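Take the sequence shown: its letters are residues 14 to 533, numbered as in the working numbering.
Glycine included, C-beta positions come from ideal geometry on N, C-alpha and C.
Remember, predicted model here, so these are calculated numbers, not experimental data.
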Amino acid sequence: MEVSNALKRKRYNDDNYMEAEVDLSLLEAVEKSQNTVELLDLRTLKKLVLSFERRLKENIEARLKYPDQPERFADSEVELHEELEKLKILAGAPELYPELVNLNAIPSILNLLSHDNTDIAIDVVHLLEDLTDEDVLEDNDEPARILVDSLIENNVLELLVQNLQRLSDKDPDEMSAIYNTLASIENMIEVKPTVAELVCERTKLLRWLLGKIKVREFDSNKQYASEILAILLQNSTANQKRLGQMNGVDVVLQAVAMYKSKDPKTSDEEEMLENLFDCLCCLLMPLENKERFVKAEGVELMIIIMKQKKSAYASAIRALDFSMTKYPPACERFVDVLGLKTAFAAFMGKIPISKKNKKERYQEELEERLVSLIASLFGGILRGSRRERLLSKFVENECEKIDRLMELYIRYSDRVTAETQRLEQLELDDLEMDEEEKYNRKLESGLYTLQLIAVILGHLWCSEHPQMRARIELLLKQQKLTKNDIKNILQEYHDNIGDLDGAEEKEQAQTRIQKIISSF
């Protein structure tokens with residue numbers, strides 16, 4: 014710390030003379046880079062690397078020779094800073110990245126992330142962010158891959174995260190470096206998706222991110238930390254399990270609990286909250302994390318958020334849907350803590366009104382989540398008083414929820430029919446499409462939600478409750494439909510149930526659906 018302060022005194026004296034000089038040199042470097050980007054070639058690259066290596070060597074020698082006299086090596090540090098700034102022009106010629114790697118410059122650059130002077134490490138962070146920027150790497154797939162491979166091989170992930178842990182949000186320069194560190198990691202994941210798991214295996218990034226989202230105060234780095242965490246979790250079961258073992262479910266629940274009775278103040282804070290719910294939903298994929306969610310009273314928290322009717326309303330429904338999918342204990346807890354009343358109020362369209370949820374797509378997504386949630390309840394609660402409480406909801410108010418269910422059935426059925434006709438027309442126009450692709454197109458148009466509605470209707474029919482059966486038959490007749498129409502949808506669902514988590518679970522799911530089909 015003393016070295017850094019001494020350097021800053023050397024670089025920025027009382028009358029800011031040095032500051033002006035450095036700023037001027039940076040301005041000149043930028044102006045020169047704008048003129049030389051087009052002329053940047055292998056020869057220029059070699060010159061830049063050679064000059065950088067020379068300044069690096071001088072700095073190392075000065076520090077070794079005068080370890081306790083910062084003023085004796087401060088000049089070499091300023092010169093090294095300037096060389097790192099000059100290297101930024103390479104971002105204008107990503108096709109030269111393979112040559113940069115061949116010149117063996119990457120290890121020298123990355124080692125500076127451990128430099129005693131934090132300012133030099135920050136220079137490297139900014140350089141890496143520039144070199145890996147998404148706009149720079151666009152249409153340069155092979156050079157990007159070669160650069161990222163070399164960075165990974167030379168421990169960029171470990172060095173970036175180690176450096177991250179010595180940076181503070183209280184210093185504006187260091188706060189900027191935190192942001193650029195996360196941006197560099199995101200850029201590398203974009204080029205090489207396996208980096209998402211590598212960075213969690215090799216570093217303490219997950220723990221650092223958890224610490225960041227724990228902080229009550231909102232800032233841009235907390236927002237970015239939530240976004241990076243969501244990226245790391247979204248396609249990685251290993252990362253989901255790893256974070257779960259680090260008490261991640263509880264930490265994320267605490268972070269969203271801050272908004273149970275208040276709305277985010279800005280659009281950036283709102284985006285962070287959505288990121289946190291994305292993290293939560295990803296975490297709820299592995300079975301062991303669903304268990305942690307229930308133990309941490311996550312079900313209760315989501316119901317409270319729904320009751321408060323703040324902006325996280327729909328996100329809470331989504332999290333409940335993830336928690337209850339193929340996990341009966343969450344379904345049971347939901348019924349025990351009186352979640353049915355809240356969920357069915359939403360199912361009947363009694364949702365809080367705001368600018369966001371006036372949008373048609375928002376309401377459709379909410380409907381689809383609620384249908385999925387109710388289907389999970391029927392799949393997770395097969396008998397007993399909880400099952401009776403669930404079924405009784407469909408008898409209330411002259412079976413109004415069955416009316417609503419049939420309303421959704423017709424709407425989604427019409428959509429799927431329209432998509433099926435469109436696909437048939439495409440085939441007539443000689444556009445070939447295999448059965449799997451056609452089925453996926455129909456799922457996207459609403460077939461999956463239609464199938465779940467049919468499953469719920471099937472469970473109601475299986476109950477053998479005379480009032481419910483009579484209502485279903487009446488509504489089918491009014492729409493000129495029969496029970497066979499529902500059976501056909503269920504049969505298609507049965508035939509296309511994926512492997513889920515294994516052959517045994519697939520067989521159990523198909524057996525349950527076959528039982529419903531047979532009841533009609």
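- An exposed status is given to Tyr-79, since fewer than 16 other beta-carbon atoms sit within 10 Å of its beta-carbon.
- If one requires a minimum length of 4 residues, the alpha helix (DSSP H) runs lying completely within the stretch 347-371 are 352-360, in chain order.
- The beta carbon of Pro-341 is closer than 6 Å to those of Gly-393 in its chain, skipping five residues each way along the sequence.
- Counting other Cβ atoms within 10 Å of its Cβ, Lys-363 stays below 16 and is therefore classed as exposed.
- Here Met-285 is near Ser-239, since their CB atoms are less than 7 Å apart.
- Secondary structure remark: continuous alpha helix (DSSP H) runs of at least 4 residues inside the stretch 385-443, in chain order: 397-405 and 409-441.
- With the rule of 3 Cβ pairs closer than 8 Å, the stretch 319-337 counts as touching the stretch 291-301.
- Look at Arg-220 here: in three-state DSSP terms it is helix.
- Comparing C-alpha distances from Arg-67 to each of Gln-82, Glu-90 and Leu-494 shows the shortest one belongs to Glu-90.
- For Glu-214, the closest alpha carbon among the candidates Glu-203, Met-188 and Val-174 is that of Val-174.
- Between the beta-carbon of Val-149 and that of Pro-107 there is about 6 Å, and that keeps the pair under the 8 Å contact cut.
- A straight line joining the alpha-carbon of Val-208 with that of Glu-155 spans about 16 Å.
- DSSP assignment within the stretch 81-130 yields the following whole alpha helix (DSSP H) runs of 4 residues or more, N-terminal first: 83-100, 110-115 and 118-124.
- The continuous stretches of alpha helix (DSSP H) do not include Leu-460, and DSSP gives it neither H nor E.
- With respect to the 7 Å criterion, Asp-143 and Ala-104 are classified as neighbours on the basis of their beta carbons.
- Annotation for Gly-511: no alpha helix (DSSP H) segment contains it, and DSSP assigns it neither H nor E.
- If you draw a straight line from the Cα of Ala-270 to the Cα of Glu-437, it is about 49 Å long.
- Per DSSP, the continuous alpha helix (DSSP H) segment holding Ser-239 begins and ends at 233-247.
- Contact between Gln-480 and Ile-423 is absent: CB atoms are separated by about 21 Å, not below the 8 Å threshold.
- Glu-282 is positioned such that its CB atom lies closer than 7 Å to that of Phe-231.
- Pairing His-472 with Phe-391 gives a Cβ-Cβ distance under 7 Å.
- Residue environment: Gly-459 is assigned as buried (16 or more neighbouring CB atoms within 10 Å of its CB, all protein chains considered).
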